[in-house]
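Only one structure is covered here, and it is reproduced in the block below.
Chains as they are written, first to last, in this note's numbering: chain W, 17 to 128; chain B, 21 to 132.
Okay, structure coming up:
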């Protein structure tokens, strides 16, 4: 199955720094989702985007649905220790295959 | 308190034995999914069901079987035909097949 290209694969930042990650695809998606997974737990939905160009915030998190519908971005401002984890993007297309396609994940580590 | 439950959290089995993982949801979602996650990897779709008494193979269905006799339940059986069953298994559900998926806490299966 297809996977989305997510970058960077890993990030090492200091507490208080801002974080940016993105997800790109060769295909168009109609819905973009961002999840966070803590070690040994299931992914938790952070933000859902349904319209090209849409910018949505959830606390310190902001995500955007790219204008081309082939990419999405997630920003975390003023990182805190509990932001540590793996962030996955996921996309849904409406072209005969409406299953979720997941990104490869970005592992965020905060250096004390 | 709505959500998705998976049991058990940890499961150990001897090689050659079949084992069934439980997934229950009380969100009144029509669609349910099973994913497999290996260390440091993304999620791979095993099986999904859009409606009761119907299910479809995902990308890595070989060695697995499912049933969907009730809307709330979607158990996964890992059979002895699965060559490398040790992994973290995640169940998810969504309102419809193109909706955002919500995940359970996962079951870590270790085959000895």
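Even for Gly, the Cβ is constructed at its ideal location relative to N, Cα and C.
Confirm, please, whether the CB-CB distance from residue j to residue i is below 8 Å.
i: residue 55(B); j: residue 129(B); result: no
i: residue 117(B); j: residue 45(B); result: no
i: residue 28(B); j: residue 127(B); result: yes
i: residue 44(W); j: residue 98(W); result: no
i: residue 15(B); j: residue 83(B); result: In the structure as shown, chain B begins at 21 and stops at 132. Residue 15(B) is therefore absent and cannot be evaluated.
When you compare the CB of residue i with every CB in chain B, is at least one pair closer than 8 Å?
i: residue 119(W); result: yes
i: residue 49(W); result: yes
i: residue 68(W); result: no
i: residue 59(W); result: yes
i: residue 108(W); result: yes
i: residue 45(W); result: no
i: residue 28(W); result: no
i: residue 94(W); result: no
i: residue 116(W); result: yes
i: residue 104(W); result: yes
Any beta carbon from chain W within less than 8 Å of residue i's own beta carbon?
i: residue 23(B); result: no
i: residue 84(B); result: no
i: residue 123(B); result: yes
i: residue 132(B); result: no
i: residue 63(B); result: yes
i: residue 110(B); result: yes
i: residue 67(B); result: no
i: residue 36(B); result: no
i: residue 107(B); result: no
Kindly indicate the opening and closing residues of the beta strand (DSSP E) around residue i.
i: residue 107(W); result: 101-108
i: residue 62(W); result: 60-65
i: residue 11(W); result: Here chain W covers residues 17 to 128 and nothing more, so residue 11(W) does not appear.
i: residue 74(B); result: 74-77
i: residue 92(W); result: 87-92
i: residue 88(B); result: Counting along the chain, residue 88(B) falls outside any beta strand (DSSP E), and DSSP gives it neither H nor E.
i: residue 108(B); result: 107-114
Using 8 Å as the limit for Cβ to Cβ distance, is residue i near chain D?
i: residue 79(W); result: The question asks about chain D, but that chain is absent: this structure's protein chains are W and B.
Take every Cβ of the stretch 50-57 of chain W, pair it with every Cβ of the stretch 40-56 of chain B, and state whether three or more of those distances are shorter than 8 Å.
In short, these stretches do not touch, since the Cβ pair count stays below three.
Go through the stretch 44-72 of chain B residue by residue and report every complete run of the beta strand (DSSP E) that reaches 3 residues or more, in order.
51-57 and 63-71
Cβ contact (3+ pairs, closer than 8 Å) linking the stretch 54-74 of chain B and the stretch 95-111 of chain B
They touch, by the three-pair rule.
Does the stretch 74-91 of chain B come into contact with the stretch 94-112 of chain W, if we say contact requires no fewer than three beta-carbon pairs (one atom in each stretch) closer than 8 Å?
no
So, do the stretch 71-78 of chain W and the stretch 118-132 of chain B have three or more beta carbon pairs nearer to each other than 8 Å?
Flag = no, the stretch 71-78 of chain W and the stretch 118-132 of chain B do not touch.
Taking contact to mean 3 or more Cβ pairs, one atom from each stretch, closer than 8 Å, check whether the stretch 81-99 of chain B and the stretch 25-32 of chain W are in contact.
no
Say whether the stretch 56-65 of chain W touches the stretch 35-44 of chain W, bearing in mind that this needs 3 or more beta-carbon pairs closer than 8 Å, one atom from each stretch.
no
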